[in-house]
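Student:
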Amino acid sequence: MTAHELLQERGLAAAWAILARAPQDAEYYHSSNDEYVKDISQEHLAAAEREPDKSHLVGFMSSDCGAFQQVSETCNWDQNSAWIEYIQWLTPLADLRNAVAEVSQ
98 MTAHELLQER
108 GLAAAWAILA
118 RAPQDAEYYH
128 SSNDEYVKDI
138 SQEHLAAAER
148 EPDKSHLVGF
158 MSSDCGAFQQ
168 VSETCNWDQN
178 SAWIEYIQWL
188 TPLADLRNAV
198 AEVSQ
């Protein structure tokens with residue numbers, strides 16, 4: 098999901114909340130699962146993109162700090178994996194910050 102699609106679907110206030118509650122080292126947000134993601138395995142991702150018919154799993158770290166939950170000083174990160182479709186649905190937090198800044202001007 099692109100940052101602009103997320104803004105349209107959830108609205109500006111929700112986008113602000115997603116960003117405000119994001120763990121400091123989070124790189125992506127998954128809107129359907131309400132979770133943050135980091136450290137996507139580039140090796141797994143390349144294999145999944147190169148051979149989409151082989152159903153490769155892509156490794157990453159996901160956080161239990163949901164966007165609408167209170168964030169503690171330290172969020173737990175768990176090793177996880179998913180199909181390429183999950184990875185393609187992720188919204189880069191940097192893109193979301195830029196989209197929010199554009200709309201807020």
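Take the sequence shown: its letters are residues 98 to 202, numbered as in our numbering.
Glycine residues also receive a C-beta, built at the ideal position from the N, C-alpha and C atoms.
Model, not experiment: these values are computed from the prediction.
(1) Identify, in the order they occur along the chain, each residue of the same chain with its Cβ nearer than 7 Å to the Cβ of Leu103, setting aside the five sequence neighbours on each side.
(2) Taking the continuous beta strand (DSSP E) assigned at Asn177, which residues delimit it?
(3) What are the boundary residues of the alpha helix (DSSP H) that Ser201 is part of?
(4) Expressed to the nearest angstrom, what Euclidean distance is found between the alpha-carbon atoms of Pro120 and Ser178?
(5) Give the DSSP bridge partners of Glu132, in chain order.
(6) Find out if the Cβ-Cβ distance for the pair Ile181, Ala143 is shorter than 8 Å.
(7) If we count the other Cβ atoms within 10 Å of its Cβ and call it buried at 16 or more, is Asp123 buried or exposed?
(8) Keeping to the same chain, check which residues put their C-beta closer than 8 Å to that of Tyr226; ignore five residues upstream and five downstream.
Tutor: By the coordinates alone:
(1) Ala112, Ser128, Thr188 and Leu193
(2) Trp174 to Ala179
(3) Leu190 to Ser201
(4) 19 Å
(5) His127
(6) No, the Cβ-Cβ distance between Ile181 and Ala143 is not below 8 Å.
(7) Note that residue 123 is Ala in the sequence shown here, rather than Asp. Ala123 should be labelled buried.
(8) A question about residue 226 goes unanswered here, because the residues of the chain that appear run from 98 up to 202.
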